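Protein sequence lines correspond, in order, to chains A, B, C and D.
Each step along the first sequence adds one to the number in the UniProt record's numbering, with nothing skipped, and position 196 is 196.
Each step along the second sequence adds one to the number in the UniProt record's numbering, with nothing skipped, and position 35 is 35.
Each step along the third sequence adds one to the number in the UniProt record's numbering, with nothing skipped, and position 22 is 22.
Each step along the fourth sequence adds one to the number in the UniProt record's numbering, with nothing skipped, and position 225 is 225.
Glycine residues also receive a C-beta, built at the ideal position from the N, C-alpha and C atoms.
The model shown is predicted, which means the values in this text are computed figures rather than measured ones.
Presented below is the structure to which this report refers.
Protein chains: 4
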Amino acid sequence: MHIGILTGGGDCPGLNAVIRAVTLALVERCGATVTGIERGFLGLLDGRCRPLEASAVRGLIAEGGTILGTHNRADPFHFFGAGGTDCSGQALDFLGRHNIDALVVIGGDGTMTIAERFARLGVPVVGVPKTIDNDLMLNERSFGFDSAATVVSDALGRLQTTARSHGRVMIVETMGRYAGWIALEGGLAGGADAILMPEQGYQIEQLAAFARQRAQEQGFALLCVAEGAKAVGGEWVIQRQLDDSPDPLRLGGIGHRLTADLEAHLGSQVEVRCTLLGHLQRGGSPTAFDRVLATRFGVAAAGLVMRGQFGRMVALQGDRCVDVGLAEVAGQTRFVPLDHERLQVARALGIFLG
Amino acid sequence: MHIGILTGGGDCPGLNAVIRAVTLALVERCGATVTGIERGFLGLLDGRCRPLEASAVRGLIAEGGTILGTHNRADPFHFFGAGGTDCSGQALDFLGRHNIDALVVIGGDGTMTIAERFARLGVPVVGVPKTIDNDLMLNERSFGFDSAATVVSDALGRLQTTARSHGRVMIVETMGRYAGWIALEGGLAGGADAILMPEQGYQIEQLAAFARQRAQEQGFALLCVAEGAKAVGGEWVIQRQLDDSPDPLRLGGIGHRLTADLEAHLGSQVEVRCTLLGHLQRGGSPTAFDRVLATRFGVAAAGLVMRGQFGRMVALQGDRCVDVGLAEVAGQTRFVPLDHERLQVARALGIFLG
Amino acid sequence: MHIGILTGGGDCPGLNAVIRAVTLALVERCGATVTGIERGFLGLLDGRCRPLEASAVRGLIAEGGTILGTHNRADPFHFFGAGGTDCSGQALDFLGRHNIDALVVIGGDGTMTIAERFARLGVPVVGVPKTIDNDLMLNERSFGFDSAATVVSDALGRLQTTARSHGRVMIVETMGRYAGWIALEGGLAGGADAILMPEQGYQIEQLAAFARQRAQEQGFALLCVAEGAKAVGGEWVIQRQLDDSPDPLRLGGIGHRLTADLEAHLGSQVEVRCTLLGHLQRGGSPTAFDRVLATRFGVAAAGLVMRGQFGRMVALQGDRCVDVGLAEVAGQTRFVPLDHERLQVARALGIFLG
Amino acid sequence: MHIGILTGGGDCPGLNAVIRAVTLALVERCGATVTGIERGFLGLLDGRCRPLEASAVRGLIAEGGTILGTHNRADPFHFFGAGGTDCSGQALDFLGRHNIDALVVIGGDGTMTIAERFARLGVPVVGVPKTIDNDLMLNERSFGFDSAATVVSDALGRLQTTARSHGRVMIVETMGRYAGWIALEGGLAGGADAILMPEQGYQIEQLAAFARQRAQEQGFALLCVAEGAKAVGGEWVIQRQLDDSPDPLRLGGIGHRLTADLEAHLGSQVEVRCTLLGHLQRGGSPTAFDRVLATRFGVAAAGLVMRGQFGRMVALQGDRCVDVGLAEVAGQTRFVPLDHERLQVARALGIFLG
């Protein structure tokens, strides 16, 4: 049996742990040959790939990123971009030429959408969900998410000492353009006083009043703000930037807007400062939790391959590894429900949520 | 409403996060008064306690240990020790004298057994499970466990560099006298080549053969061994020490025994070294995961108090916070089932399990 | 003997370790009374202060920030701002009223300038240098600097995994408005391919050519850029912003300018991304090195007080704690000499320096 | 020019950073060829070596251990052991056969002694000091030392939370068989209440009295004890073990002895616990400080090679990289002088030193 494996979309801590687990499980258990396809789906088109052996992957569990490389925009069905050419035939040729019996595809929503199209063309595909933002459908927790929440939590801890020393309001802007999972989890873990998410608009007057009061009582206030958070009634800050720019992070998004707004409301007596965590959230070695989860996903994906269950994606539900149909996942986003237990927890602690 | 809270048994990362969440939830949501009882059940006997206010606990989420102190052996029903006096009347007096309406008790198996006895005497008690070892019944994951597994995983990462440089077999001895959860989770996350647990005996000849082969292929081998692991057919190492000593860790347990055994089998060509992680596994700041879990447990316990549901312990099942009867938990140990998914994952990766 | 102690200017990891060491040394060795003055020189004006006892400070060594609080702009000689009122009389009243025999002042260039003026008015003052940027005169290494360089080095390590996975050029913008010490030390430790400092202008064409080549050879390139770095021949980016804004960090400084410039030169084939570390560099617990250095400074300052050597500032030269005149330090900046050994080291490794 | 490089003795964080710096400096600056000799001096005998290229070493700065491997006991002049055969001729053959113009040797006292013998035989040798213990002569600070002190400091921080929660006396046993540098630096950084070193004997009665008092005042006590510390008047614990065992760490050394002694003196009211850090102190990624220092040493060694200054070892004096004669270093140990500034600092803080 010959299996191809690729990683698509943005990188994420734990990708190498999945590659390692898929490879070890297939090689050790059933003597398969595994080929790593480089730079996401691009490798299916330009033919860049390399053999993966047990000895080469065994030490990978702690390594950040992906040894295979990845590519954000390489869609064989639209190469490049939305109006691009359909090059999927080239990809099928590649699979045929290398006698690849099945493809394990690790990626996010975009990658699963492509994988599903390949599945419909008859390619035996198994998906592994990759989303730092934790917003893939039918999958309750993904590797990389705990690592990102840990970066947020650590940053809040660091900033608390400077906030306290100067009596400041400090804002941390996290990832989460559409869903607020990282801001919520990282904010809870880091002891944030307020958590702002795309799912729940905030009124700046209320936020400013809360921040002023908390700063008086506690000497400082920590705000944890998802990239996609937005003021209610006001304009959709991020949306406008998405139209104008490929990378809103670089233009200064909600964090800087909020800093200016809060300063205007709080006056010169309270200093407000903002920190963007940006790429720090996706780099580096995965946490122990993410290493184990990525390893479980990898072994589960190898199991699907060995049992011939294709067109499926591995997922975590409760604490169980299950599998779901690729078609059920593609093109959707899992938002934080406004009655989610974590939000109830945050409310019980007196955290401002908008 | 006046609520007492205490922490019993060995300390654990996340205890302060529970104390914080219980207090904030009770004070902010229903204006309760919260009193911290010091040094576990001992405080019920000697009357040492102090008021807990929102402002005092809000900054506690990252702090290791317990600000209330704890005590390993203070059982009011047997004070001190198995043949001790029943001083539970004194404890009841304390609760009456301070008009304490309910007691939140954070602790492990021993603590829950005591809590259950108080519940039978009519004390309104709510339990919060505390077990780094993750071996309390009906609770699938406890705070402190992720922190301990992270210490194990980090230690394996550190030791790998020295193992590789010297071509050694290196052993890490973890906590887990009765159940192997920490060795299993930490070993998976740290890329251990072998994981030995109390639940699965090992044959030294097989282990030595495996270690020799792995060291040849990979240049080194990493073994992750729970404190309570045991050789098959051989004597029960730990059990004998338990009889002789109050603290087997200090005498050199399975790790040192295994080092000597492996050296005997491997000969002078392969060096074997052992590291005991000991108390490092229970000290320090909790991981982001544990902070959130402890916070959820704390809020859930406050909810039980507010709804008057006593004699219950908060628990995690799947990813849901539920509650179970104290009587169902007390006096039992949750072992790693030999068909557990994590063990299947380990086997799929070619990890030696005995 | 009654000693006052205050922290001025921006916060910095290690301030609490100094406060602890000064207090322990004065209390334990000569039975002095120590009073902590709050929020920098502001406490001398509004009278906010509190007694510091050995038991209260002993646990402070690992705590970030300053328990006394600090203030960036509270100059008793110009209250507030450059054209402000001279309130130094109030400060002298405070010292007299509390019978304070000597003042230990921990701070940077601005704080030392104020301390020196007080010294000229006859106040027995001892200074302890505080500068994350490591740019105080006559002091070769200050606490906080190693902590900041560690944050930079860790960030470079994290970003390397994502840079490598995506084949990107990644920029890290560090502190260092006038001197490049942090970028240089952190960049060396983090394996940066290029280090840009205020002391050495760069030509964008050369930098772009270097980045392209390094990205081709290595698959990615990491650039470490001090806040105050500037293009040669071009305008002085930061200077202009200093005129316009109280906080250039928040407007997007050199990092974003460089990102745009490099993208223009490198074309669409190479992605460029930027991360601002900002306040992460000054928050959090000090490194072991900084804890020891801050402790040495604190004990040395206590020694100056006990020996009656006032108007002096503690300093590190070589690895020796010495003391220098406050007047020699005030109003100056220690730049990186272009023939400094660290720069020679960077050149020997093929690091691009401009 | 063809340069050989090898690492001897125990591994240490920063070895790879030296290998990287030597290689980059020699390859980039003067187009030299560099060959890595494997497993210390053993590679000179069995001929195992490999070419080192710039691209292969550039990413090594953060990696723990040594990619070349090392060997504790491979002395070509006594192969193996004190009464072994002189195989130095074989080593000279190897150097001649590969046309190696100079040898860079990274190691400790034993390695420098061997290097010095080769120098006397006419081999152009340059030494780089490697000693976690920081006890090589004429070199004030070595890479790996800051990393080890950081492990000790972090461990003390972790153990403090559990010590405080249980009201315990906790002992951390560090490396330092002959010199107490690690215990001193790590103990200062970690806020230890007592620091015991080989250079300064302690009386158990005084230590017990101090620990009892500190535990009463502070609620706990932290003791940082070098492996080679010893009781005054009592037997030389470690020395006896050195006679009996190749590895005293594994038998339970001073830490366990001290635990038992303190328990005997303190009675059942105060619990005493001990943690051995062992190999954790030498594994893992070097700190930022050690990465820079190792890099400086590597570049300085390359400079000696290029200038033809052989028979010399790089060293740090003050903060300057200098070089000293191999003969001045070999066979000696740098102890902590009892009037050393760090000891004076410790005394000023009220730390018990014996």
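#### Entry: Straight-line Cα distance separating R282 (chain B) from A149 (chain B)
Within the second sequence, residue 149 (chain B) is the residue found at index 149, counting from 1. Within the second sequence, residue 282 (chain B) is the residue found at index 282, counting from 1. Answer to the nearest angstrom: the Cα atoms are 10 Å apart.
### Task
Below 6 Å CB to CB, which residues in the same chain sit around E63 (chain B) once its five sequence neighbours on both sides are set aside?
Working through the second sequence from its first residue, we reach residue 63 (chain B) at position 63. Hits under 6 Å: N16.
#### Entry: Listed by chain order, chain C residues near residue 363 (chain D) by CB distance under 7 Å
The structure shown does not extend to residue 363 (chain D), since chain D is modelled only from 1 through 354, so no value can be given for it.
### Query
At which residue ranges does the stretch 162–199 of chain A contain complete alpha helix (DSSP H) runs of 4 or more residues, listed in the order of the chain?
Listed in chain order, the complete alpha helix (DSSP H) runs (minimum 4 residues) inside the stretch 162–199 of chain A are 181–190.
#### Entry: Where N139 (chain B) falls, given that 16 or more other Cβ within 10 Å makes a residue buried
Within the second sequence, residue 139 (chain B) is the residue found at index 139, counting from 1. Flag for N139 (chain B) reads buried.
### Task
Identify the continuous beta strand (DSSP E) that holds L103 (chain B) and give its terminal residues.
The residue given as residue 103 (chain B) occupies position 103 in the second sequence. 102–107 is the extent of the beta strand (DSSP E) around L103 (chain B).
### Task
Please name the residue in A:A115, A:Q203, A:T7, A:C12 whose C-alpha comes closest to that of T35 (chain A).
Reading the first sequence from its first residue, position 35 is the one you call residue 35 (chain A). For T35 (chain A), the nearest C-alpha among the options comes from A:T7.
### Query
What residues of chain B sit near R29 (chain A), judged by a beta carbon separation below 7 Å?
To locate residue 29 (chain A), count along the first sequence from 1; it is residue 29. Going along chain B in sequence order, the residues near R29 (chain A) (Cβ under 7 Å) are A348.
### Query
Going along the chain, which residues of the stretch 163–183 of chain A sit with their C-beta nearer than 7 Å to a C-beta in chain B?
Identification of residues in the stretch 163–183 of chain A having a C-beta nearer than 7 Å to some C-beta of chain B yields an empty set.
### Task
Could you tell me if R307 (chain D) is buried or exposed, where buried requires 16 or more neighbouring beta carbons within 10 angstroms of its beta carbon?
As a first step, residue 307 (chain D) is located in the fourth sequence; it is residue number 307 there, counting from the start. With fewer than 16 Cβ atoms within 10 Å of its Cβ, R307 (chain D) is classed as exposed.
### N- and C-terminal bounds of the alpha helix (DSSP H) containing Q213 (chain A)
In the first sequence, counting from the first residue as 1, residue 213 (chain A) sits at position 213. Residues 204–218.
### Query
What separation, rounded to the nearest whole angstrom, lies between the Cα atoms of G201 (chain B) and A229 (chain B)?
Taking the second sequence and counting its residues from 1, the one referred to as residue 201 (chain B) is at position 201. Taking the second sequence and counting its residues from 1, the one referred to as residue 229 (chain B) is at position 229. As the crow flies, the alpha-carbon of G201 (chain B) is around 7 Å from that of A229 (chain B).
### Message
Check this for me: beta carbons of A25 (chain D) and A348 (chain C), under 9 Å apart or not?
### Response
Working through the fourth sequence from its first residue, we reach residue 25 (chain D) at position 25. Working through the third sequence from its first residue, we reach residue 348 (chain C) at position 348. Contact: yes.
### Query
Given 8 Å as the limit, is there contact between the stretch 53–72 of chain A and the stretch 158–171 of chain C, that is, 3 or more CB pairs closer than that?
The way I'd put it, the stretch 53–72 of chain A does touch the stretch 158–171 of chain C; three or more beta-carbon pairs between them come closer than 8 Å.
### Task
Reducing DSSP to helix, strand and coil, say where M313 (chain C) ends up.
Residue numbering aside, residue 313 (chain C) sits at position 313 when the third sequence is read from its first letter. Strand.
### Query
Is it buried or exposed for A82 (chain C), if we count other Cβ within 10 angstroms and need 16 for buried?
On the third sequence, residue 82 (chain C) is found 82 positions in, with the first residue counted as 1. Around the CB of A82 (chain C), fewer than 16 other CB atoms lie within 10 Å, so the residue is classed as exposed.
#### Entry: Range covered by the beta strand (DSSP E) that runs through residue 368 (chain A)
With chain A running from 1 to 354 in the structure shown, residue 368 (chain A) is simply not present.
### Task
Return yes when the Cβ of T70 (chain B) is within less than 9 Å of the Cβ of G40 (chain B), no when it is not.
Along the second sequence, read from residue 1 onward, the residue named residue 40 (chain B) stands at position 40. Along the second sequence, read from residue 1 onward, the residue named residue 70 (chain B) stands at position 70. Yes, they are a contact pair.
### Task
With DSSP collapsed to three states, give me the class of R50 (chain D).
Within the fourth sequence, the letter at position 50 stands for residue 50 (chain D). Reduced to three states, the DSSP call for R50 (chain D) is strand.
### Message
Please report the straight-line C-alpha distance between L251 (chain D) and T295 (chain C), rounded to a whole angstrom.
### Response
The residue you call residue 251 (chain D) lines up with position 251 of the fourth sequence. The residue you call residue 295 (chain C) lines up with position 295 of the third sequence. Here the model assigns L251 (chain D) a pLDDT of 48, short of 50, so the residue's position is not dependable, and the following value carries that caveat. Inter-residue distance for L251 (chain D) and T295 (chain C) is about 35 Å (C-alpha atoms, whole angstroms).
### Message
Using 9 Å as the threshold, is the C-beta distance between L196 (chain D) and A226 (chain D) below it?
### Response
Residue 196 (chain D) sits at position 196 when you count from the first residue of the fourth sequence. Residue 226 (chain D) sits at position 226 when you count from the first residue of the fourth sequence. Against a cut-off of 9 Å, the Cβ pair of A226 (chain D) and L196 (chain D) comes out as a contact.
### Query
At what residues does the alpha helix (DSSP H) containing L95 (chain A) begin and finish?
Mapped onto the first sequence, residue 95 (chain A) falls at position 95. Residues 88–97.
### Query
At a Cβ cut of 8 Å, what residues of the stretch 255–271 of chain B count as close to chain D, listed as they run along the chain?
Here the close residues are H256, T259.
### Candidates B:V329, B:G311, B:R342, B:V232, of which the one nearest V125 (chain B) by Cα
Residue 125 (chain B) sits at position 125 when you count from the first residue of the second sequence. For the residues B:V329, B:G311, B:R342, B:V232, the minimum Cα distance to V125 (chain B) belongs to B:G311.
### Query
With which residues is R73 (chain D) paired in a DSSP beta bridge?
Position 73 of the fourth sequence holds residue 73 (chain D). In the DSSP assignment, R73 (chain D) forms no beta bridge with any residue.
### Message
Helix, strand or coil, according to DSSP, for V329 (chain D) in the structure here?
### Response
Walking along the fourth sequence from the start, residue 329 (chain D) turns up at place 329. In the three-state reduction of the DSSP assignment, V329 (chain D) falls in the helix class.
### Query
So is Q203 (chain C) buried or exposed if we call it buried at 16+ other beta carbons inside 10 Å?
Sequence index remark: in the third sequence, residue 203 (chain C) carries index 203 (1-based). The residue in question, Q203 (chain C), is exposed, as its Cβ has fewer than 16 Cβ neighbours within 10 Å.
### Task
Give a yes or no on whether 9 Å exceeds the smallest Cβ distance from E199 (chain B) to chain D.
On the second sequence, residue 199 (chain B) is found 199 positions in, with the first residue counted as 1. No, E199 (chain B) does not count as interfacial toward chain D.
### Task
Compare the C-beta of V292 (chain D) against all C-beta atoms of chain C and say whether one is closer than 9 Å.
Along the fourth sequence, one-based indexing puts residue 292 (chain D) at 292. Chain C places a beta carbon closer than 9 Å to that of V292 (chain D), counting this residue as a contact.
### Query
Does the separation of the CB atoms of S285 (chain A) and Q218 (chain B) fall below 9 Å?
Reading the first sequence from its first residue, position 285 is the one you call residue 285 (chain A). Reading the second sequence from its first residue, position 218 is the one you call residue 218 (chain B). Cβ atoms of S285 (chain A) and Q218 (chain B): not closer than 9 Å.
### Task
Select from A:L277, A:S153, A:S268, A:H265 the residue whose C-alpha is nearest the C-alpha of G253 (chain A).
To locate residue 253 (chain A), count along the first sequence from 1; it is residue 253. Ranking the options by Cα distance to G253 (chain A), first place goes to A:L277.
#### Entry: Alpha-carbon spacing of G84 (chain A) relative to D75 (chain A), whole angstroms
If you number the first sequence from 1, residue 84 (chain A) lands on position 84. If you number the first sequence from 1, residue 75 (chain A) lands on position 75. In a straight line, the C-alpha of G84 (chain A) is about 9 Å away from that of D75 (chain A).
### Message
I'd like to know whether the C-beta of S142 (chain D) is nearer than 9 Å to at least one C-beta of chain B.
### Response
On the fourth sequence, position 142 is the one that residue 142 (chain D) refers to. Not an interface residue.
### Task
Pull up the CB-CB distance for V305 (chain B) and V104 (chain B), whole angstroms please, since I reckon it's below 8 Å.
Sequence index remark: in the second sequence, residue 305 (chain B) carries index 305 (1-based). Sequence index remark: in the second sequence, residue 104 (chain B) carries index 104 (1-based). That belief holds up - the Cβ atoms of V305 (chain B) and V104 (chain B) are roughly 7 Å apart, short of 8 Å.
### Task
Give a yes or no on whether the C-beta atoms belonging to G14 (chain C) and S147 (chain C) are separated by under 9 Å.
Numbered from 1 along the third sequence, position 14 holds the residue referred to as residue 14 (chain C). Numbered from 1 along the third sequence, position 147 holds the residue referred to as residue 147 (chain C). Cβ atoms of G14 (chain C) and S147 (chain C): closer than 9 Å.
### Message
If distances are taken between C-alpha atoms only, which option among A:D323, A:T33, A:G325 comes closest to I100 (chain A)?
### Response
Working through the first sequence from its first residue, we reach residue 100 (chain A) at position 100. Looking from the CA of I100 (chain A), the closest CA among A:D323, A:T33, A:G325 belongs to A:T33.
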